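Enquirer: Residue numbers (the numbering used here): 19 to 245.
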């Protein structure tokens with residue numbers, strides 16, 4: 019059973035020099051890897067993204083998981099750039115691919131080094147990613163429904179896609195309600211229903227609306243029946 023790996027997800031940004039300073043000042047005791055999203059807002063070229071990550075790799079004392087989430091950064095890390103990084107430096111051990119583009123994801127799986135992990139970061143397409151040869155999922159919905167999510171991935175890793183598909187289809191309606199007002203707003207609302215925490219968030223986010231709480235509550239109730 020042992021110790022689970024600890025991944026710190028606070029090493030993304032669009033100022034490479036500032037991120038390098040963060041790497042130099044952060045206490046990495048007990049940290050196994052960092053998750054680093056691509057630069058947001060200033061929309062660098064693919065060469066700029068490559069050089070950004072290579073600069074981080076020189077200063078990181080731990081492995082780096084690339085994080086491609088164009089819906090939030092307004093900039094996609096192309097499959098070619100991900101593969102290039104995976105081959106260029108041993109610090110790059112995985113990518114959290116949250117583009118939802120299965121063609122791009124499959125291209126990475128097919129062409130990256132064998133020991134480079136391709137992790138889905140998009141719950142609705144996670145099972146399809148696994149069917150293409152993906153290695154796992156860094157999940158949103160798993161924060162409030164860890165059993166369903168982990169069981170789906172466990173079954174997929176064992177090539178039991180018929181059973182995995184049942185969990186995937188159960189989770190699809192939940193996905194709709196979790197994202198209707200954005201993440202993490204929906205997740206916190208679900209966790210409040212489950213008695214885990216309050217749905218309160220900090221501005222500019224606002225709490226999940228009462229208008230949708232009943233629908234979310236019903237979706238959670240259906241899933242609990244299938245636990």
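We put the CB at the ideal spot given by N, CA and C, even for glycine. Keep in mind it's a predicted model, so treat the numbers as computed, not measured.
Leaving out five residues on either side along the sequence, give the residues of the same chain with a beta carbon under 7 Å from the beta carbon of residue 95.
Expert: Locating residue 95 in the chain shown gives position 77, where the first residue counts as 1. So the qualifying residues of the chain are 56, 67, 84, 86.
Enquirer: Within the continuous alpha helix (DSSP H) that includes residue 55, where are the two ends?
Expert: Taking the first residue of the chain shown as position 1, residue 55 is located at position 37. Note, residue 55: premise wrong, no alpha helix (DSSP H); beta strand (DSSP E) at 51-55.
Enquirer: Measure the C-alpha to C-alpha separation of residue 243 and residue 154 and round it to an integer number of angstroms.
Expert: Against the chain shown, residue 243 aligns to sequence position 225. Against the chain shown, residue 154 aligns to sequence position 136. Residue confidence is low: residue 243 scores 49 on pLDDT, short of 50, so the model does not pin down where it sits. Its coordinate-derived value is still stated next. C-alpha separation (whole angstroms): 25 Å.
Enquirer: In whole angstroms, what is the alpha-carbon distance linking residue 50 and residue 115?
Expert: Walking along the chain shown from the start, residue 50 turns up at place 32. Walking along the chain shown from the start, residue 115 turns up at place 97. Computed Cα separation, rounded: 19 Å.
Enquirer: Within its chain, find whatever has a CB closer than 6 Å to the CB of residue 144; leave out the 5 residues flanking it on each side and keep chain order.
Expert: As a first step, residue 144 must be located in the chain shown, where it is residue number 126. The residues are 138, 155.
Enquirer: Quick check on the burial criterion: 16 or more other C-beta atoms within 10 angstroms. Buried or exposed for residue 102?
Expert: Locating residue 102 in the chain shown gives position 84, counting from the first residue. Burial call: buried.
Enquirer: Less than 7 Å between the beta carbons of residue 141 and residue 118, yes or no?
Expert: In the chain shown, residue 141 corresponds to position 123, counting from 1. In the chain shown, residue 118 corresponds to position 100, counting from 1. With contacts defined by Cβ atoms closer than 7 Å, residue 141 and residue 118 do not form a contacting pair.
Enquirer: By how many angstroms is the C-alpha of residue 124 removed from the C-alpha of residue 63?
Expert: For the purposes of this step, residue 63 is identified with residue 45 of the chain shown, where counting begins at 1. For the purposes of this step, residue 124 is identified with residue 106 of the chain shown, where counting begins at 1. Their backbone Cα atoms lie some 22 Å apart in a straight line.
Enquirer: Could you check which residue in 197, 169, 198 has the C-alpha nearest to that of residue 185?
Expert: Along the chain shown, one-based indexing puts residue 185 at 167. Among 197, 169, 198, the Cα nearest to that of residue 185 is on 169.
Enquirer: Only counting the same chain, and skipping five residues up and downstream in sequence, which positions put a Cβ closer than 7 Å to that of residue 81?
Expert: As a first step, residue 81 must be located in the chain shown, where it is residue number 63. Closer than 7 Å at Cβ, skipping near neighbours: 51, 109, 111.
Enquirer: Take residue 161 and list the residues in its own chain whose beta-carbon comes closer than 6 Å to its own, dropping the five residues that flank it on each side.
Expert: On the chain shown, position 143 is the one that residue 161 refers to. The answer, listed in chain order, is 205.
Enquirer: In the structure shown, what three-state DSSP assignment does residue 59 receive?
Expert: For the purposes of this step, residue 59 is taken as residue 41 along the chain shown, with counting starting at 1. Note: residue 59 maps to coil in three-state DSSP.
Enquirer: Report the residue ranges of all alpha helix (DSSP H) runs contained in full by the segment 64-142; include only those spanning at least 4 residues, in chain order.
Expert: 64-77, 88-91, 97-106, 120-129
Enquirer: Consult DSSP for residue 212 and reduce its assignment to one of helix, strand or coil.
Expert: Taking the first residue of the chain shown as position 1, residue 212 is located at position 194. Residue 212 falls in the coil class under three-state DSSP.
Enquirer: Excluding five sequence neighbours on each side, which residues of the same chain lie with their C-beta closer than 8 Å to the C-beta of residue 189?
Expert: Taking the chain shown and counting its residues from 1, one reaches residue 189 at position 171. Once the five neighbours on either side are set aside, the close Cβ partners of residue 189 are 141, 159, 163, 166, 167, 170, 241.
Enquirer: Evaluate residue 147 with the Cβ neighbour count: other Cβ atoms within 10 Å of its Cβ, from every protein chain shown; 16 or more gives buried, anything less gives exposed.
Expert: Working through the chain shown from its first residue, we reach residue 147 at position 129. It is buried - the Cβ of residue 147 has at least 16 other Cβ atoms within 10 Å.
Enquirer: Give me the Cα-Cα distance between residue 221 and residue 61, rounded to the nearest whole angstrom.
Expert: Residue 221 sits at position 203 when you count from the first residue of the chain shown. Residue 61 sits at position 43 when you count from the first residue of the chain shown. The alpha-carbon atoms of residue 221 and residue 61 are separated by roughly 25 Å.
Enquirer: Report all residues from its chain with a CB closer than 8 Å to the CB of residue 219; omit the five preceding and five following residues, and keep chain order.
Expert: Taking the first residue of the chain shown as 1, we reach residue 219 at position 201. Excluding sequence neighbours, residue 219 sits near 202, 203, 206, 225.
Enquirer: Consult DSSP for residue 225 and reduce its assignment to one of helix, strand or coil.
Expert: Here residue 225 corresponds to residue number 207 of the chain shown, with the count starting at 1. In the structure shown, residue 225 sits in coil (DSSP, three-state: anything other than H, G, I, E or B).
Enquirer: Tell me the residue span of the alpha helix (DSSP H) that contains residue 191.
Expert: Within the chain shown, the letter at position 173 stands for residue 191. Residue 191 -> alpha helix (DSSP H) spans 179-197.
Enquirer: Is DSSP giving residue 27 helix, strand or coil here?
Expert: Counted from its first residue, the chain shown places residue 27 at position 9. Coil at residue 27, not helix or strand.
Enquirer: Taking C-beta to C-beta, are residue 100 and residue 113 nearer than 7 Å?
Expert: Taking the first residue of the chain shown as 1, we reach residue 100 at position 82. Taking the first residue of the chain shown as 1, we reach residue 113 at position 95. A contact, by the Cβ cut-off of 7 Å.
Enquirer: Going by C-alpha to C-alpha distance, which of 76, 121, 120 sits closest to residue 106?
Expert: Counting from one through the chain shown, the residue named residue 106 turns up at place 88. Measuring from the Cα of residue 106, the nearest candidate turns out to be 76.
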